[in-house]
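A.B. asks:
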Amino acid sequence: MHSALILILYSLTLRNYINRTLYGKKLNCPDSQSTVNMRILRGIVRRIDRLGEKMVDENNIEWEKCIFYIELIGFSKRTPHEKLPENLVGKIVKVYRWCTFDWHYRTNVYATLTAEETERVLKGELDLTTR
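Numbering (our numbering), first residue to last: 4 to 134.
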């Protein structure tokens, strides 16, 4: 029961984080309730390297830092009007991710970059593990 509650709270927290970080931010206009669309790249996880660096969160869950190799395929479905530049199609991007559950380590699945990562890639930076 206790672990199920922790998992539910974790998934709600993760969903809120994704909604806030990836899919738009509220405008600062007091009379506006709309969101600003952000460009988000998406790709397929082709390889994962475990770095061995670990941390334990407030729920006593151990997380491991990994490098994900993501093959770019286009923009997120939330921005259908955007087209990925031809020079980036099929390129491999390296990003850091923290993993703990077995499904975090799956390859050949879709992955989305953050808005900040997307902007760096569009400027030509493919190795996002530096800096």
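Ideal Cβ placement from N, Cα and C applies to all residues, glycine included.
What do you reckon, are the CB atoms on Ala114 and Arg53 nearer than 8 Å?
C.D. replies: Taking the first residue of the sequence shown as position 1, residue 114 is located at position 111. Taking the first residue of the sequence shown as position 1, residue 53 is located at position 50. It is not a contact, given that the beta carbons lie outside the stated cut-off.
A.B. asks: Can you tell me which of the three DSSP states Thr82 falls into?
C.D. replies: For this step, residue 82 is matched to residue 79 along the sequence shown. In this structure, Thr82 counts as coil in the three-state DSSP scheme.
A.B. asks: Does the beta-carbon distance from Leu75 to Val48 come in below 8 Å?
C.D. replies: Working through the sequence shown from its first residue, we reach residue 75 at position 72. Working through the sequence shown from its first residue, we reach residue 48 at position 45. For Leu75 and Val48, no; Cβs fall outside 8 Å.
A.B. asks: Got a sec? Which residues, its chain only, sit under 6 Å from Glu56 by beta carbon, not counting five neighbours each side?
C.D. replies: Within the sequence shown, numbered from 1, the residue matching residue 56 stands at position 53. Within the same chain, Glu56 has close Cβ partners Lys68.
A.B. asks: Inspect the beta-carbon positions of Leu131 and Ile95 and report whether they are closer than 8 Å.
C.D. replies: The residue you call residue 131 lines up with position 128 of the sequence shown. The residue you call residue 95 lines up with position 92 of the sequence shown. No.
A.B. asks: Rank Tyr72, Trp66, Val59 and Ile64 by C-alpha distance to the C-alpha of Asn111 and give the top, closest one.
C.D. replies: For this step, residue 111 is matched to residue 108 along the sequence shown. The option with the nearest alpha carbon to Asn111 is Tyr72.
A.B. asks: For the candidate residues Pro83, Gly127 and Glu65, whose alpha-carbon lies nearest to that of Lys97?
C.D. replies: Mapped onto the sequence shown, residue 97 falls at position 94. Nearest of Pro83, Gly127 and Glu65 to Lys97, Cα basis: Gly127.
A.B. asks: Determine the extent of the alpha helix (DSSP H) in which Glu122 is found, giving its start and end residues.
C.D. replies: Translated into positions along the sequence shown, residue 122 becomes position 119. Counting along the chain, the alpha helix (DSSP H) containing Glu122 begins and ends at Ala118 to Leu125.
A.B. asks: Nearest CA to the CA of Asp60: which residue from Glu120, Cys102, Leu125 and Tyr108?
C.D. replies: Start at 1 with the first residue of the sequence shown, and residue 60 comes out as number 57. Closest option to Asp60, Cα to Cα, is Cys102.
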